[in-house]
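Note that numbering that gives the first Met the number 0 gives residue 50 to position 51 of the sequence shown, counting from 1, and the numbers run on in steps of one.
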Amino acid sequence: MIGEYKLSRVKNGIGYFARVVVEASLFSEKEFVIDAIGHQVNRNECEVNAETHKDWIDAAIEGANYTLKHIKQLDEIKKYDVKIIKVIGLETDTTEDAVRTAACIATWRAVNLNYPEPEPVFDKNWDVVFPAINQHI
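See the structure below:
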């Protein structure tokens, strides 16, 4: 299952942008999140990888893991493997918290739960509210 989210907002006159694409699949053992981007990225499309922006990739992994942790509160039985397959950002507008937020929501979309999707919120940094669970990052 593929999930994608693009955060593209202006707050207090500052632009924020991050786009994350993940692939999730049911797994019977231990959950994990991995960077599956690889070495070849399309820099003309602003794609990044761990060689060019390790901090953004780490933030994407953190966001996906955070969503999986919250999903367990709704469904303790199912476990998921999540692959980060694309991170797109701009040097001028992309921050780690924006990437983490985009990855949280992309992971939720990939798992495709029958609950309200997390919502991005901004208070100096990007965060996520899980309406189904009512908690923040």
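Idealized CB from N, CA, C, for every residue including glycine. All values reported here derive from a predicted model rather than from experimental measurement.
Between the options, which has its C-alpha nearest residue i's C-alpha?
| i | options | result |
| --- | --- | --- |
| V120 | I36, G88, N133 | N133 |
| N11 | K123, P130, V81 | K123 |
| L25 | Y79, V98, A131 | Y79 |
| M0 | A23, F31, W125, Y15 | A23 |
| T8 | A105, L112, T100 | The question names Thr, but residue 8 is Arg in the sequence shown. For R8, the nearest C-alpha among the options comes from T100. |
| V19 | C103, K68, Q72, G37 | C103 |
Run through DSSP, which three-state label would residue i get?
| i | result |
| --- | --- |
| E90 | coil |
| Y79 | strand |
| A137 | The question about residue 137 has no answer, for the chain in this structure spans 0 to 136. |
| K5 | strand |
Quick one: using the 10 Å Cβ neighbour count with 16 as the cut-off for buried, is residue i buried or exposed?
| i | result |
| --- | --- |
| N48 | buried |
| I70 | buried |
| D96 | buried |
Check whether the Cβ of residue i sits closer than 6 angstroms to any heavy atom of the ligand FMN, and report yes or no.
| i | result |
| --- | --- |
| I36 | Inclusion of the ligand FMN in the displayed structure is not the case, the ligand content being empty and no account of it being possible. |
The segment 51-63 touching the segment 81-89, judged by at least three CB pairs closer than 8 angstroms: yes
Every unbroken beta strand (DSSP E) inside the segment 9-57 [3 residues or more]: 13-26, 31-34
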